[in-house]
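Numbering-wise, the numbering used here puts 198 at position 13 of the sequence shown, and it's gapless, one number per residue.
Ideal placement from N, C-alpha and C gives every residue a C-beta, glycine not left out.
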Amino acid sequence: MIRYTVVSTAYRLFAGIFLVVINWQIATAEGGGYWRLVISTLLSYLPALAVPLLLRRVKITGQRLSVLSLLYVAMISFVVSFLVENPTALVVANLFMWIGFFALEASWESWFNEEKRRQDVSWASSVTMSGNQAALMIGPLMAPVIIEVVGTRGIVQALTAGFALVAALSWPRVGAAAVTDTEAEAVAEADAGPPAKPRAPLRLIATFALIWPVLGAFNLMLPLQVSDRGAGLVTVAIVDACLGIGVIAAGVISARTKLSSATLSKLVIACAVLGGVLWALPTGGTTVVAMALSTFALGAGFGALRIALREYTATHYDSAVTGQAVAIGNATAIPILAVVFLVFGAAQSLVWIAPFLLVIVMSCSLQGLRTWKASLKI
Numbered sequence: 186m187i188r189y190t191v192v193s194t195a196y197r198l199f200a201g202i203f204l205v206v207i208n209w210q211i212a213t214a215e216g217g218g219y220w221r222l223v224i225s226t227l228l229s230y231l232p233a234l235a236v237p238l239l240l241r242r243v244k245i246t247g248q249r250l251s252v253l254s255l256l257y258v259a260m261i262s263f264v265v266s267f268l269v270e271n272p273t274a275l276v277v278a279n280l281f282m283w284i285g286f287f288a289l290e291a292s293w294e295s296w297f298n299e300e301k302r303r304q305d306v307s308w309a310s311s312v313t314m315s316g317n318q319a320a321l322m323i324g325p326l327m328a329p330v331i332i333e334v335v336g337t338r339g340i341v342q343a344l345t346a347g348f349a350l351v352a353a354l355s356w357p358r359v360g361a362a363a364v365t366d367t368e369a370e371a372v373a374e375a376d377a378g379p380p381a382k383p384r385a386p387l388r389l390i391a392t393f394a395l396i397w398p399v400l401g402a403f404n405l406m407l408p409l410q411v412s413d414r415g416a417g418l419v420t421v422a423i424v425d426a427c428l429g430i431g432v433i434a435a436g437v438i439s440a441r442t443k444l445s446s447a448t449l450s451k452l453v454i455a456c457a458v459l460g461g462v463l464w465a466l467p468t469g470g471t472t473v474v475a476m477a478l479s480t481f482a483l484g485a486g487f488g489a490l491r492i493a494l495r496e497y498t499a500t501h502y503d504s505a506v507t508g509q510a511v512a513i514g515n516a517t518a519i520p521i522l523a524v525v526f527l528v529f530g531a532a533q534s535l536v537w538i539a540p541f542l543l544v545i546v547m548s549c550s551l552q553g554l555r556t557w558k559a560s561l562k563i
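The following block contains the structure:
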């Protein structure tokens, strides 16, 4: 589990740097960055439709799939290093990069499930999630400093080497591979039986469908808003990091307190409203501070929601139902994002409202799911 934690954390560090650099290049390109970044964001979620279907046909372990996906990501990153001055080409390349990212999201979970049999699941989950979130927070902060030294092309080439190194460190040991192959064959034999047909409730799907739109709306509005306010990539990194700090804070608080679902919903909505008010403050000398506090509040609310959703699904639904809800929810996220971007395309200066509003809707959706589930037991 130690190796898994190290390599998954390193991957998220490099992925965080890559995304903030590419989004900034697209958002600040001449000729208008809004619609180009909208197209890039929507295209980046298309793999959510196809990747899960393809992975179901792949009969290899999560660790080996992680290695192959990391090598693919390294290859795409190398190609991107020659396209950093071409925003249109970056939009296309970003789509192919996200194929690898979505494959890795699935493979990391599978690898964790393979490792957890020898570990305390609660402890391992806490450590890996904390490490991953810290890496996502630190990565964007490092980007401006590295760019000052090696330039945009240089940082992407360095990331290529980083992804390749993580793949090498993730390579399965011979002994471990033999054991895992046996397990994979057992799983394949079990799959030969009648396939289960889980049915995820619509309310559960609707809640999962809002996770990616929140992140997508935030990733769209952040570089655009920061650029419009006359700030640079350093500000983007600081504000983005505060979102991660908020998520970590939510995790620490959630682990030490047991709030009722109604109280949690109210606190999440309060965080979203507070964050929106802070972001709407007039620009001035305290702009960076206000934006940082705003995204911290957003991260705290969103992080608390994700933790509550994971805990609730683990308690009330089996893995098959949860998996179906996640898959359908990810597919539904694309039209939701498209509608959000089209609506705010007519008022681009107000695009910052989207992530705060979506967190409020997601909170209401989760609370509605709890209420509906409780009513079935009466």
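Item: Start and end residues, alpha helix (DSSP H) containing P357; Value: Where P357 is concerned, there is no enclosing alpha helix (DSSP H), given that its DSSP letter is neither H nor E.
Item: Contact under 7 Å by Cβ, S225 with V276; Value: yes
Item: Unbroken alpha helix (DSSP H) run spanning N271, endpoints; Value: N271 -> no alpha helix (DSSP H), and no H or E assigned at all.
Item: Burial state of L239, where buried means 16 or more other Cβ atoms lie within 10 Å; Value: exposed
Item: Classification of D503 by the beta-carbon crowding that lies within 10 angstroms, buried from 16 upward; Value: exposed
Item: Cβ-Cβ separation, V341 to V265 (assumed contact under 8 Å), whole Å; Value: 6 Å
Item: Contacts around S450, its chain only, beta-carbon distance under 6 Å, and the 5 residues preceding and following it disregarded; Value: S548 and Q552
Item: Reference G285, options S229, R384, L405 and Y219, closest by Cα; Value: S229
Item: Burial state of E374, where buried means 16 or more other Cβ atoms lie within 10 Å; Value: Residue confidence for E374 is low, a pLDDT of 47 falling below 50, so the modelled location carries little weight; the figure read from the coordinates is stated next. It counts as exposed.
Item: Cα-Cα separation between L326 and T480, rounded to whole angstroms; Value: 15 Å
Item: Residues of its chain near T392, where Cβ-Cβ distance is below 7 Å and the 5 sequence neighbours each way are ignored; Value: L494, M547, S550, L551 and L554
Item: C-alpha gap between E290 and W296, whole angstroms; Value: 10 Å
Item: Reduced DSSP secondary structure (H/G/I, E/B, other) of K244; Value: coil
Item: Exposure of F287, with buried meaning 16 or more beta-carbon neighbours within 10 Å; Value: buried
Item: Local Cβ density within 10 Å of I557, reported as buried at 16 or more and exposed below that; Value: In the sequence as displayed, the identity of residue 557 is Trp instead of Ile. It counts as exposed.
Item: Contact between the segment 518–530 and the segment 424–431 (3+ Cβ pairs under 8 Å); Value: no
Item: N-terminal and C-terminal residue of the alpha helix (DSSP H) that M186 is part of; Value: M186 -> no alpha helix (DSSP H), and no H or E assigned at all.
Item: V453 and L407 closer than 7 Å at C-beta; Value: no
Item: A482 versus V544, G324, G247 and I521, residue with shortest Cα-Cα distance; Value: V544
Item: Closest Cα partner of P232 within the set S534, A559, T246 and A518; Value: A518
Item: Endpoints, alpha helix (DSSP H) assigned at W634; Value: Here the chain has residues from 186 to 563 only, and residue 634 is not among them.
Item: Proximal residues to P540 (C-beta, below 7 Å), its chain only, five neighbours per side dropped; Value: V399, A402, F403, M406 and L483
Item: Any 3 or more C-beta pairs closer than 8 Å across the segment 208–215 and the segment 249–266; Value: no
Item: Extent of the continuous alpha helix (DSSP H) to which W220 belongs; Value: Y219 to S229
Item: DSSP-derived helix/strand/coil call for V536; Value: coil
Item: Cα-Cα separation between S292 and A475, rounded to whole angstroms; Value: 37 Å
Item: Within 7 Å, strictly: CB atoms of A510 and I390; Value: yes
Item: Bounding residues of the alpha helix (DSSP H) (the contiguous stretch that carries T480); Value: T472 to H501
Item: Counted within 10 angstroms of its Cβ, other Cβ atoms place A532 as buried (16 or more) or exposed; Value: exposed
Item: Where L197 falls, given that 16 or more other Cβ within 10 Å makes a residue buried; Value: The question names Leu, but residue 197 in the sequence shown is Arg. R197 is buried by the Cβ-count criterion.
Item: Where the alpha helix (DSSP H) containing L409 begins and where it ends; Value: I396 to D413
Item: Contained alpha helix (DSSP H) runs [length at least 4] in the segment 501–531, N- to C-terminal order; Value: 504–530
Item: Where A371 sits in the DSSP three-state scheme; Value: A caution first: A371 carries a pLDDT of 44, below 50, which makes its placement in the model too unreliable to give a value.
Item: DSSP state of A385 mapped onto helix, strand, coil; Value: coil
Item: Nearest-angstrom Cα separation, counted from F487 out to A426; Value: 14 Å
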